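S.K.:
Residue numbers (the numbering used here): 42 to 1076.
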């Protein structure tokens, strides 16, 4: 306390330092707060108000630095008693006094008498409106703390506290304080204070701010807090909608604002009125229901805003729900009277057919009310449906009016489906009109009807499927035959999408009807699919897939398609229908892949038969003559391969099923069958019997690759299963696949083998295998004596292994990456090595992704980028310093480093990119001199993003960038380069005007040539870019 000597002559910074020292002394227990007050007693009672002010500021600062545990309840009581007395002192002493009281009021252990004294003193001695903003805020926060912590104490003096609070907050205008005022008023109501006596005054003091139209200033500086309009609106709405006692004042205000011409006020009033329904009931709503309904009807029918109309419909629904919930008495006619008022206004609008807008809005209002409750749905639908059907019965009705009426009927049916009417079908809202509705929709699906009517009819049939027991089995059969007839005779492609959706929905509701009446028809058609045109065949297969949305139908569909596949011998004629059937199976499997029962069924019914089918396909001796030249090197044919697409689709099906299979037993069984069958060349294990005298060795690098391509089956199972497979055969399998990946000359074979090995090593790295692959692969890749095809296969293996290692941040990653860096100097394979970095970062669908249960570490991209960036920069710098006369190929080598870098940057998070921007920008700018189209597209795309996110870093390079962008805008080799360059020219105008304005004339002149480009997309971007530059600098 000795440090207080001379305190009252110190400047602000020194005073703060002393206050912190005093607080530390009290915290350590050397002194107490009461000793501090005794120490400054003379200044606290001095006649000079400046000294009293200084001493109070010291106490307030010390309190702000103390923890709550440093003060006892008794000390707090003494302090508050003293500070309350100081509120009776000179007004200049009030700011520090209020700050000290604010700190003390946040405690939860104050005595009741002290809390009562503090509140009474605040209301008696503090004239809030005369204070500055910060002092007013302190007063409101003190009151909020008292309400939140001691409402039981304050409730004993409820009326006095409520009145005092109203007086204190009256007339507040500062938005920062208003947020606190709204919190305080909401806390008063929710704390249980009885505000009935002062309801009008309470509402007026906050209702005067409605609606909030505040916009925060845009020129705030420093640490000033920005209060938004949304915060004020939310705070005020909480108060206005917090108690039903405000009803006499709240509802007239809302009605007035809804009827105003200000759109923002309308929206705010509608949203606030809807929020208030949580506290209001039929009792408080009843006197204002008719007025509310009239203004809501006017807003819905005559309004021009779609948003307001949607809010109105939601509000009507909530109002009907609220009064339905609270009107449970048989004698309470509130709901019935309200619905009657609605129908008296809306039904004539529909029957008189005044205008499309009024008919639609009136119908939607009634349907929104019908959605609210069981009672309102029955009442409204039973009255509205006959009116709509009568309108449709008129032979002179226009097509637009007919479509409108049918859409309203569909909406009615959807409203019915929200409530359960199955208990008493005879009292169902459409019990009397059901047959007419069914006939209407079934008849309207005819191809003779207009397109829009057929679309609405299909939506109506889907709605009927969701109505439960009111639709009898006979009606269900009628619906099924109607949809099948539509499928067979419909010619408009626009209808088929809606038709398939409707068939799928029907199948989910009535699977038995689909199995007994739809599937026989589809089965007959699909059995003849080989004789159909491809468009018709695809349509019927899409229909079959659309109804396969549950276990029962999906099982039948897959069996049907599988039989259709296995019964046919593959040749040029049957390959296309087989591929379509496989597409169908794949669609069915994917749309049911989240259903565990379906996945188990698919695994048992599809996986092994499809594996057997692929094996049999590879054994057919006549296939090479019908296939592509890669299947038989002796065949000069250039026909497209007909077997690989089939095998690829089979693998996609197997992969989808394997990924979702949760059963370890099933997973282990298929792994064991595949590994044993392929390693031991055991055809019987693979389901092929009777193949006597047939040579089968899928891991032998023969001249015919049909058998070696079976490795794709392994890629579709072993690396994608949720459970790791442990078996002695696995090590033999891995060695065989590595050999196949390094020695096969068939691209499909060595790529699939590489992916499979990579997927398995990602899940369980084996250092011996990694070392073997590195030694054999690097030896093959870096040896110029080996032919390019084998080196390419080795690169493929190394790249996929590297990707697998990078995903799990393995220590071997850089070791494999060095092989690719060494290849950058290779004239023939350097570009391939550079492009491989795209594979490393890009997400692939077949393997090494989350759905395949691969091991993927967080931030693996950032980790790998940090590893390779120094090596890329070093290699590029070496090539830059190389003597060009000695090595003419140096430009290509530099391009390889830039290509690799551009691939990495394309997939890198922007935050990481910005960290290395200063060192990367010179490389990116230099790479614009390349002639490689893909590299230029990648670099231009990166620069385009940087100009929007980090424009300040590009300012030193503006001149060079504009020059290169203008040159690339006429790049002849690739249209994509020209488009991307023009986008960059356009976006560069967002840089500071004083920097880019000197280039305006030059750029506009050079862009004129691009306006005549032969490609439309280039001309379009040129016009956009030129417009941006023409507007540059104009106010």
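Positions of the beta carbon are idealized from the N, C-alpha and C atoms, including for glycine.
Predicted model only: the values in this text are computed from it and were never measured.
Whose CA, out of 711, 981 and 622, lies closest to the CA of residue 583?
M.R.: By 1-based counting over the chain shown, the position of residue 583 is 542. For residue 583, the nearest C-alpha among the options comes from 622.
S.K.: How about the stretch 413 to 424 and the stretch 434 to 448: do they share at least three Cβ pairs that are nearer than 8 Å?
M.R.: No: the two stretches stay apart, fewer than three of their Cβ pairs being nearer than 8 Å.
S.K.: For residue 967 and residue 814, what's the separation of their Cα atoms in angstroms?
M.R.: If you number the chain shown from 1, residue 967 lands on position 926. If you number the chain shown from 1, residue 814 lands on position 773. Spanning the two alpha carbons is a distance of roughly 36 Å.
S.K.: Once the 5 residues before and after residue 472 are set aside, which same chain residues still bring their CB inside 8 Å of it?
M.R.: Locating residue 472 in the chain shown gives position 431, counting from the first residue. Around residue 472: 466 and 511.
S.K.: Going straight from the alpha carbon of residue 32 to that of residue 202, what length do you get?
M.R.: Residue 32 cannot be examined here, being either before or after the span of the chain that is shown, 42 to 1076.
S.K.: Buried or exposed for residue 480, going by 16 or more other Cβ atoms inside 10 Å?
M.R.: Residue 480 sits at position 439 when you count from the first residue of the chain shown. Exposed, because fewer than 16 other Cβ atoms sit within 10 Å of the Cβ of residue 480.
S.K.: Suppose you measure from the CA of residue 666 to the CA of residue 683; what does that come to, to the nearest Å?
M.R.: Mapped onto the chain shown, residue 666 falls at position 625. Mapped onto the chain shown, residue 683 falls at position 642. Residue placement at residue 666 is poorly supported in this model, since its pLDDT is 47, which falls under 50; the coordinates still yield a value, given next. Looking at the two C-alpha atoms, the distance is approximately 11 Å.
S.K.: In this structure, how does DSSP classify residue 292 when only helix, strand and coil are distinguished?
M.R.: Here residue 292 refers to the residue found at position 251 of the chain shown. If DSSP states are grouped into helix, strand and coil, residue 292 belongs with the helices.
S.K.: Alpha helix (DSSP H) containing residue 1030: first to last residue?
M.R.: Translated into positions along the chain shown, residue 1030 becomes position 989. No alpha helix (DSSP H) holds residue 1030; DSSP gives it neither H nor E.
S.K.: Output needed for residue 800: all residues of its chain with C-beta closer than 8 Å, excluding positions within five of it in sequence on either side, in chain order.
M.R.: One-based indexing of the chain shown puts residue 800 at position 759. Closer than 8 Å at the Cβ level, and outside the excluded window around residue 800, lie 756, 759, 760, 761, 845, 888, 889, 893 and 895.
S.K.: Just mark residue 57 as buried or exposed, buried being the case when its beta carbon has 16 or more other beta carbons within 10 Å.
M.R.: On the chain shown, residue 57 is found 16 positions in, with the first residue counted as 1. It is exposed - the Cβ of residue 57 has fewer than 16 other Cβ atoms within 10 Å.
S.K.: According to DSSP, simplified to helix, strand and coil, what is residue 506?
M.R.: Taking the first residue of the chain shown as position 1, residue 506 is located at position 465. Of the three classes helix, strand and coil, the one that applies to residue 506 here is coil, per DSSP.
S.K.: Since residue 231 is in the alpha helix (DSSP H), which residue starts that stretch and which ends it?
M.R.: Start at 1 with the first residue of the chain shown, and residue 231 comes out as number 190. First-last of the alpha helix (DSSP H) with residue 231: 216 to 231.
S.K.: So within the stretch 48 to 135, which uninterrupted beta strand (DSSP E) runs reach at least 3 residues, ignoring any that extend past its ends?
M.R.: For the stretch 48 to 135, not a single whole beta strand (DSSP E) run of length 3 or above is found.
S.K.: Thinking C-beta only, is residue 217 closer than 8 Å to residue 174?
M.R.: Position 133 of the chain shown, counted from the start, is the residue given in the question as residue 174. Position 176 of the chain shown, counted from the start, is the residue given in the question as residue 217. Against a cut-off of 8 Å, the Cβ pair of residue 217 and residue 174 comes out as a contact.
S.K.: Whole angstroms are fine: how far does the CA of residue 975 sit from the CA of residue 920?
M.R.: Here residue 920 corresponds to residue number 879 of the chain shown, with the count starting at 1. Here residue 975 corresponds to residue number 934 of the chain shown, with the count starting at 1. Rounded to whole angstroms, residue 920 to residue 975 spans 21 Å at the Cα level.
S.K.: Measuring alpha carbon to alpha carbon, tell me which of 519, 335, 430 and 315 ends up nearest residue 547.
M.R.: Taking the chain shown and counting its residues from 1, one reaches residue 547 at position 506. It is 519.
S.K.: Given this structure, state the Cα-to-Cα distance separating residue 925 from residue 866, to the nearest angstrom.
M.R.: Counting from 1 along the chain shown, the entry for residue 925 is found at position 884. Counting from 1 along the chain shown, the entry for residue 866 is found at position 825. Note that residue 925 scores a pLDDT of 46, beneath 50, so its modelled location is shaky and nothing firm can be said.
S.K.: On a Cα-Cα basis, can you pick out the residue from 198, 177 and 149 that is closest to residue 161?
M.R.: Taking the chain shown and counting its residues from 1, one reaches residue 161 at position 120. When only C-alpha atoms are compared, the closest one is 198.
S.K.: Just list the alpha helix (DSSP H) runs in the stretch 532 to 582, keeping only unbroken ones of 4 residues or longer that don't cross its boundaries, in chain order.
M.R.: Within the stretch 532 to 582, the complete alpha helix (DSSP H) runs of at least 4 residues are 534 to 550 and 560 to 568.
S.K.: Secondary structure at residue 151, three-state DSSP: helix, strand or coil?
M.R.: Here residue 151 refers to the residue found at position 110 of the chain shown. Residue 151 falls in the coil class under three-state DSSP.
S.K.: What would DSSP say about residue 272, mapped onto helix, strand or coil?
M.R.: Position 231 of the chain shown, counted from the first residue, corresponds to residue 272. In the structure shown, residue 272 sits in a helix (DSSP, three-state: H, G or I).
S.K.: Short check: CB of residue 559 to CB of residue 590, under 8 Å?
M.R.: Walking along the chain shown from the start, residue 559 turns up at place 518. Walking along the chain shown from the start, residue 590 turns up at place 549. For residue 559 and residue 590, no; Cβs fall outside 8 Å.
S.K.: On the premise that residue 241 lies in contact with residue 290, defined as a C-beta separation below 8 Å, what is that separation, rounded to the nearest angstrom?
M.R.: For the purposes of this step, residue 290 is taken as the residue at position 249 of the chain shown. For the purposes of this step, residue 241 is taken as the residue at position 200 of the chain shown. Between residue 241 and residue 290 the Cβ distance is about 6 Å, and since that is below 8 Å, they are a contact.
S.K.: State the Cα-Cα distance for the pair residue 446 and residue 530, rounded to the nearest angstrom.
M.R.: Numbered from its first residue, the chain shown carries residue 446 at position 405. Numbered from its first residue, the chain shown carries residue 530 at position 489. Rounded to the nearest angstrom, the two C-alpha atoms are 26 Å apart.
S.K.: Are the CB atoms of residue 875 and residue 941 within a distance shorter than 8 Å?
M.R.: As a first step, residue 941 must be located in the chain shown, where it is residue number 900. As a first step, residue 875 must be located in the chain shown, where it is residue number 834. Against a cut-off of 8 Å, the Cβ pair of residue 875 and residue 941 comes out as a contact.
S.K.: Straight-line CA distance for residue 616 to residue 543?
M.R.: In the chain shown, the residue the question calls residue 616 occupies position 575. In the chain shown, the residue the question calls residue 543 occupies position 502. Those two C-alpha atoms are separated by around 31 Å.
S.K.: Which runs of the alpha helix (DSSP H), 4 residues or longer, sit entirely within the stretch 143 to 188?
M.R.: As far as the stretch 143 to 188 is concerned, its whole alpha helix (DSSP H) runs of at least 4 residues are 153 to 166.
S.K.: Which residues in the same chain have their Cβ closer than 8 Å to the Cβ of residue 996, if we skip the five residues on either side of it in sequence?
M.R.: As a first step, residue 996 is located in the chain shown; it is residue number 955 there, counting from the start. Same-chain partners within the cutoff: 1032, 1033 and 1036.
S.K.: Classify residue 1014: buried if its beta carbon has 16 or more other beta carbons within 10 angstroms, exposed otherwise.
M.R.: To locate residue 1014, count along the chain shown from 1; it is residue 973. The residue in question, residue 1014, is exposed, as its Cβ has fewer than 16 Cβ neighbours within 10 Å.
S.K.: Taking the alpha-carbon positions, what's the residue 1060 to residue 1050 distance?
M.R.: Numbered from its first residue, the chain shown carries residue 1060 at position 1019. Numbered from its first residue, the chain shown carries residue 1050 at position 1009. Answer to the nearest angstrom: the Cα atoms are 10 Å apart.
S.K.: By how many angstroms is the C-alpha of residue 562 removed from the C-alpha of residue 646?
M.R.: Here the question's residue 646 lines up with position 605 in the chain shown. Here the question's residue 562 lines up with position 521 in the chain shown. Cα to Cα, residue 646 sits roughly 23 Å from residue 562.
S.K.: Can you tell which of 1057, 1056, 319 and 1042 has its C-alpha closest to the C-alpha of residue 1068?
M.R.: Along the chain shown, read from residue 1 onward, the residue named residue 1068 stands at position 1027. Out of 1057, 1056, 319 and 1042, 1042 has the C-alpha closest to the C-alpha of residue 1068.
S.K.: Specify the secondary structure class of residue 986 as computed by DSSP and reduced to three states.
M.R.: Within the chain shown, residue 986 is the residue found at index 945, counting from 1. In the structure shown, residue 986 sits in a helix (DSSP, three-state: H, G or I).
S.K.: At the level of alpha carbons, what is the spacing between residue 792 and residue 782?
M.R.: Sequence index remark: in the chain shown, residue 792 carries index 751 (1-based). Sequence index remark: in the chain shown, residue 782 carries index 741 (1-based). Looking at the two C-alpha atoms, the distance is approximately 7 Å.
S.K.: Apply the 10 Å Cβ neighbour rule to residue 309 and answer buried if 16 or more other Cβ atoms are within range, or exposed otherwise.
M.R.: Stepping through the chain shown from its first residue, residue 309 is reached at position 268. By the 10 Å Cβ count, residue 309 comes out buried.
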